[in-house]
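These notes concern the structure reproduced below.
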Amino acid sequence: MGSAFPRLHVITDARPGRDALGVVAAAVAAATGTPDTLAVQVRVEDDVTDRAAYEFGLAVARICRPAGVMVLVNDRLDVAVAVDADGAHVGADDLPVAAARGVLGPAAVLGATCREPVSARAAVAAGATYLGVGPAFQTSTKAGLPAPLGAPGIGAVAGAVESTPVIAIGGVDVDAVGELRAAGAYGVAVVGALAHSANPQAATSALLKALA
Ligand SMILES: Cc1ncc(COP(=O)(O)OP(=O)(O)O)c(N)n1
Ligand SMILES: Cc1nc(C(=O)O)sc1CCOP(=O)(O)O
Ligand SMILES: [Mg+2]
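full-length UniProt numbering puts the sequence shown at residues 1 to 212.
Given below as structure tokens:
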């Protein structure tokens with residue numbers, strides 16, 4: 001892992017029938033030569049066993065590590081530690097940010113989901129190093145989310161935390177990158193933009209170009 005914080009976060013689509021590792025490999029291939037631009041977040045369904053999540057996290061790490069690409073683990077801090085990930089991401093149903101920081105230690109990357117400025121400032125004060133903010137737009141890959149924030153909602157959070165990177169998530173595709181960056185987002189996180197693509201390597205390249 002290099003020094004710059006990645007602007008593109010690829011989140012694994014672990015729904016049954018998806019080639020999640022194939023997408024990770026394609027994304028990592030697209031970042032050849034610029035590994036600092038990409039992070040891969042290991043995200044599995046809630047009912048996946050710890051053993052299966054660990055094995056999947058290891059498989060992702062084996063693709064990302066040799067290429068120098070950052071690995072983050074969603075929700076499961078024990079898996080993050082066990083696979084020697086660079087960090088983790090927590091939301092409202094996971095360990096609180098301060099507790100997660102205590103588990104991971106001071107050097108780890110720690111992301112927190114926030115949807116408005118007050119909780120965003122609190123997450124940063126508690127030890128978050130970046131924020132996942134969304135849903136930016138309608139998404140087909142996660143149910144039960146509040147109404148989309150749009151670029152202005154993402155910008156409101158970004159303006160509240162200034163130097164902490166805001167990663168916009170939810171229904172993001174390459175065409176939305178310019179609008180989100182203009183609003184204040186540091187980068188974007190995607191599932192469907194790659195998982196639903198016939199050519200995830202080309203889709204990653206397009207996202208990286210739009211974010212550069
Ligand atoms: C970059 C990023 N932003 C937001 C989320 C969502 O996390 P969370 O609210 O904990 O929801 P689940 O992903 O656990 O369903 C994320 N994973 N990554
Ligand atoms: C996992 C997740 N969290 C969200 C949030 O807003 O907290 S939106 C989301 C799904 C992102 O997938 P896609 O890029 O396919 O929309
Ligand atoms: Mg979570």
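Just so it is clear, CB atoms sit at the ideal spot from N, CA and C, and this is done for glycine as well.
Rounded to the nearest whole angstrom, the CA to CA distance from A80 to P35 is 20 Å. DSSP, read as helix, strand or coil, puts A108 in coil. Nearest C-alpha to A198 among V60, R18, F5, A14: R18. In this structure, L77 lies near L95, with their beta-carbon atoms less than 8 Å apart. Following the DSSP letters along the chain, one finds A61 inside the alpha helix (DSSP H) bounded by residues 50 to 64. When G87, A185, A125, A143 are compared, the shortest CA-CA separation from V157 is found for A185. With respect to the 8 Å criterion, L149 and P165 are not classified as neighbours on the basis of their beta carbons. Taken from the Cβ of N74, at least one heavy atom of ligand 3 lies inside 7 Å. The three-state secondary structure of G132, taken from DSSP, is strand. Secondary structure of L149 (DSSP, three-state): coil. Note that the C-beta distance between A123 and V103 is not below 8 Å. Here V90 carries a strand assignment [DSSP, helix/strand/coil]. Within the model, the alpha-carbon separation for L208 versus H196 is close to 17 Å.
Contact annotation: A85 and L72 have beta-carbon atoms nearer than 8 Å. For L72, the uninterrupted beta strand (DSSP E) segment begins and ends at 70 to 74.
With a beta-carbon spacing of about 7 Å, V10 and V24 fall inside the 8 Å limit used to define contacts.
Judged by DSSP in its simplified three-state form, A168 adopts strand.
Remark: the C-beta of I11 is in contact range of ligand 2, defined as less than 7 Å to any heavy atom.
Nearest neighbour of T113 by Cα position, chosen from G170, L38, D175, turns out to be G170.
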